[in-house]
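So for the sequence shown, full-length UniProt numbering puts the first residue at 1; every next one is plus one.
Think of the CB as a built atom: it goes at the ideal place given N, C-alpha and C, for glycine as much as any other residue.
As the structure is a prediction and not an experimental result, all values here were calculated from the model.
Data first, discussion second: the structure below is written as structure tokens.
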Amino acid sequence: MQGSAQDGWQPHEHSTLLSDTRPEAEMSTPLERPGENTEHSQAAANEDSGSIDCQNTQEHAEKKLRGLKKKIQQIEKLKSKQDEGEVLEDLQIAKIQSEEAILKEIDELQERLEQM
């Protein structure tokens, strides 16, 4: 445990948290390990990415579908509030108006998932 200034404890003058000591011009490039062949690594990653891309695409579509269905549930709640006479805010009204487009997107995603 670190002490306090009262204890006479002071941080080392060169102590930093995970600093990158490269010149500023090189900061935009990722750090490479010695002996690492990035071209070879990238090629190997591309070979295996076919099945991974398909899984990621399907997972992404399923996640998107869940989000769209959640929006439809929110729209249904807003519609019932509106039917009960509650005055909705402009953004809430805009969300209700987007229902048709969301339903269309849900249909398209479901068709795409069935084809996978």
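Inset, instruction - From the DSSP output, in three-state form, read off L68 for me. - result: helix
Inset, instruction - Specify the secondary structure class of E111 as computed by DSSP and reduced to three states. - result: Here E111 sits in helix by DSSP.
Inset, instruction - Can you give me the Cβ contacts of E105 inside the same chain, cut-off strictly under 7 Å, excluding the 5 residues immediately before and after it? - result: The beta carbon of E105 lies closer than 7 Å to those of L68 in the same chain, with the five residues before and after it left out.
Inset, instruction - Taking 7 Å as the cut-off, decide whether the C-beta atoms of L88 and Q82 are in contact. - result: Contact flag set, yes.
Inset, instruction - Mind checking which residues open and close the alpha helix (DSSP H) that includes L91? - result: 90 to 97
Inset, instruction - Identify whether E86 lies in helix, strand or coil by the three-state DSSP scheme. - result: coil
Inset, instruction - Helix, strand or coil for S41, going by three-state DSSP, please let me know. - result: At S41, the pLDDT of 48 sits below 50, so the modelled position is not reliable; the number obtained from the coordinates is stated separately. Three-state DSSP puts S41 in a helix.
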